[in-house]
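All remarks here apply to the structure that follows.
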Amino acid sequence: MNLFNIIDEIQNVDPEFQERISPRRDAIKNMTGFGTKLAAAALPFAFSALFKKAYGQTTSSVNDVLNFALTLEYLEAYFYNQGLAQGALIPSADKGYFTTVAGHENAHVAFLKSVLGSNAVSSPTFDLTAKGAFADVLTNYNTYLAVAETFEDTGVRAYKGQAGNLLGNQIVLTAALQIHSVEARHASAIRYLRASKGATIKPWITGSATVYNDTGISAVNASYFGENNISQGGVDITSLNAVSGKTTYAAAVEAFDEPLDKASVLAIVSPFIVS
Numbered sequence: 006m007n008l009f010n011i012i013d014e015i016q017n018v019d020p021e022f023q024e025r026i027s028p029r030r031d032a033i034k035n036m037t038g039f040g041t042k043l044a045a046a047a048l049p050f051a052f053s054a055l056f057k058k059a060y061g062q063t064t065s066s067v068n069d070v071l072n073f074a075l076t077l078e079y080l081e082a083y084f085y086n087q088g089l090a091q092g093a094l095i096p097s098a099d100k101g102y103f104t105t106v107a108g109h110e111n112a113h114v115a116f117l118k119s120v121l122g123s124n125a126v127s128s129p130t131f132d133l134t135a136k137g138a139f140a141d142v143l144t145n146y147n148t149y150l151a152v153a154e155t156f157e158d159t160g161v162r163a164y165k166g167q168a169g170n171l172l173g174n175q176i177v178l179t180a181a182l183q184i185h186s187v188e189a190r191h192a193s194a195i196r197y198l199r200a201s202k203g204a205t206i207k208p209w210i211t212g213s214a215t216v217y218n219d220t221g222i223s224a225v226n227a228s229y230f231g232e233n234n235i236s237q238g239g240v241d242i243t244s245l246n247a248v249s250g251k252t253t254y255a256a257a258v259e260a261f262d263e264p265l266d267k268a269s270v271l272a273i274v275s276p277f278i279v280s
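Each residue of the sequence shown is one higher than the last, beginning at 6 in this note's numbering.
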């Protein structure tokens with residue numbers, strides 16, 4: 006992460022940014038002076054504080070979006086923390102990866118709570134079995150991987166679905182889309198991991214005219230409704246030229262992640278939430 010590039014990008018959308026953060030410019034200057042002594046992971050939290058001071062409290066609608074995102078991040082962080090705590094659940098060869106993912110999700114939680122401050126919702130109580138639908142999620146690694154894949158795929162669609170609600174706040178939108186990109190990398194990596202264990206699946210969602218859920222798990226159909234869409238911006242992607250002939254249905258589906266609205270996402274995750 007290049008600190009000065011971030012400041013330049015912010016100033017592109019807000020020419021008064023430097024004045025907004027003055028005299029906090031000195032804080033930024035001092036922060037960059039630490040060099041390697043300052044862990045890169047700490048920078049987002051420092052910036053969240055600066056942004057809150059520079060822009061004041063976010064509107065209630067933006068807070069609603071961020072609290073929605075925070076609830077999803079609470080669930081994912083809890084899921085990975087619990088998985089790692091089970092000892093023998095995750096093979097030793099894969100534990101390093103899940104430790105990294107858990108670190109990301111915990112960082113997302115901390116960041117969103119820092120931005121929201123006193124407006125942040127508390128973590129719900131979770132049931133990772135989804136009321137028994139995935140009864141062996143913490144004892145069967147294949148089930149754990151399948152649920153992880155669904156959480157990440159759903160998270161990608163959820164962030165995309167809320168992007169339009171953040172257009173009025175470019176700073177928050179940028180942060181949300183950065184988290185969205187991390188969730189997308191998680192989704193791809195977990196799909197690849199499942200494939201390495203024998204699942205017939207690609208690192209990206211694919212489908213056909215009749216198939217929208219490519220996971221092979223019917224219990225998670227709701228996470229994939231609409232993922233076989235081939236129309237983007239009113240254009241039928243299969244009508245476009247490819248290297249050879251026209252774009253295939255599968256390629257058209259694979260090229261885009263479809264957004265999910267808040268109600269759909271909450272319906273998907275509600276079985277995992279006790280209270």
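Glycine included, every Cβ here is placed at the ideal spot set by N, Cα and C.
For residue i and residue j, what's the separation of their Cα atoms in angstroms?
i      : j      : result
Thr252 : Pro208 : 19 Å
Gly238 : Gly169 : 15 Å
His191 : Gly250 : 33 Å
Ala194 : Asp241 : 29 Å
Ala257 : Val274 : 28 Å
Val106 : Ala74  : 17 Å
Phe116 : Glu232 : 30 Å
Ser201 : Ser123 : 43 Å
Asp69  : Gly108 : 24 Å
Asp219 : Thr159 : 13 Å
Asn145 : Val279 : 22 Å
Gly166 : Glu110 : 19 Å
Val67  : Phe156 : 23 Å
Ser213 : Leu271 : 26 Å
Leu178 : His113 : 14 Å
Leu118 : Leu172 : Reading off the sequence shown, one finds Lys at residue 118, where the question assumed Leu. Straight-line Cα distance between these residues: approximately 21 Å.
Ser228 : Val248 : 32 Å
So what does DSSP say about residue i, is it helix, strand or coil?
i      : result
Val142 : coil
Ser236 : strand
Phe103 : helix
Leu251 : Correcting the residue type first, residue 251 is Lys in the shown sequence and not Leu. Lys251: strand per DSSP, three-state reduction.
Asn281 : Since the first and last residues shown for the chain are 6 and 280, residue 281 lies out of range.
Asp219 : coil
Asn111 : helix
Asp158 : helix
Phe131 : strand
Ile95  : coil
Ile278 : strand
Thr205 : coil
Can the beta-carbon of residue i be found less than 7 Å from the beta-carbon of residue j?
i      : j      : result
Ala255 : Thr211 : yes
Ala163 : Leu245 : no
Ala224 : Ala140 : no
Leu150 : Arg199 : yes
Arg196 : Ile184 : no
Leu71  : Leu121 : yes
Ala189 : Phe277 : no
Glu259 : Asn234 : no
Phe103 : Leu89  : yes
Could you give the first and the last residue of the continuous alpha helix (DSSP H) run that contains residue i?
i      : result
Asn72  : 65 to 90
Leu178 : 175 to 201
Ile273 : 267 to 274
- Report yes or no: do three or more beta-carbon pairs, one from the segment 129 to 137 and one from the segment 75 to 89, lie closer than 8 Å? yes
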